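Okay, so the sequence shown: first residue is 825 according to this note's numbering, each after it adds one. We put the beta carbon where it would ideally sit given N, CA and C, even for glycine. Because the structure is a prediction, the values reported are computed rather than measured. See below for the structure under consideration.
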Amino acid sequence: MEAYPISKMKTISTKKTYWKYLWDYPHFAVDGVIVYEAPPFAPLDKFMSPFTKSMQLQEDELQVHYVKWCCKRNMSIPLQELVIKLYCYQDDFRFPEYYVLKLIVNGKVRHELDHRDGYTKETLLTFMEDFATAKNACLQ
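What follows is the structure, given as structure tokens:
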């Protein structure tokens, strides 16, 4: 197995944070509007939701740095088990173009990065190209 060259490693990082309850209220189905309009729920949602700070490729794994319950955490995902999908869809209510990068391990979505977090489509596409190169190096 050939190691991924250090000079080729990429890191993508967030530029801003957001109050998730302001944007993700449709996920709560019927009573989502109540959560959207009730600010007391905001701190709880911020604490309970993992917020990804950065991701980087390191040799044969993907390092995800995130914050949950006000604690900094790291997750290492082996590249051989990882499937990354870039979803592009339009959401006229929130943003005209909205990009989502999903990290899927064994069929389970582990993390989502999106336009709200400050990631651009170009950044995500570049990262996916580097990810594909690193994964191919691991599989050889």
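Close-in-space but distant-in-sequence residues of the same chain around residue i (CB under 6 Å, 5 per side omitted)
i       : result
Pro-902 : Glu-885
Met-899 : Val-888
Arg-897 : Tyr-890
Cys-895 : none
Residue i classed as buried or exposed, judged by whether at least 16 other C-beta atoms fall within 10 angstroms
i       : result
Val-888 : buried
Lys-959 : buried
Distance between beta carbons of residue j and residue i, contact taken as under 8 Å
i       : j       : result
Asp-954 : Leu-906 : Not confirmed; about 13 Å, so no contact.
Ile-908 : Met-952 : 6 Å
Nonlocal neighbours in the same chain, by C-beta distance under 8 Å from residue i, ignoring five residues either side
i       : result
Ala-956 : none
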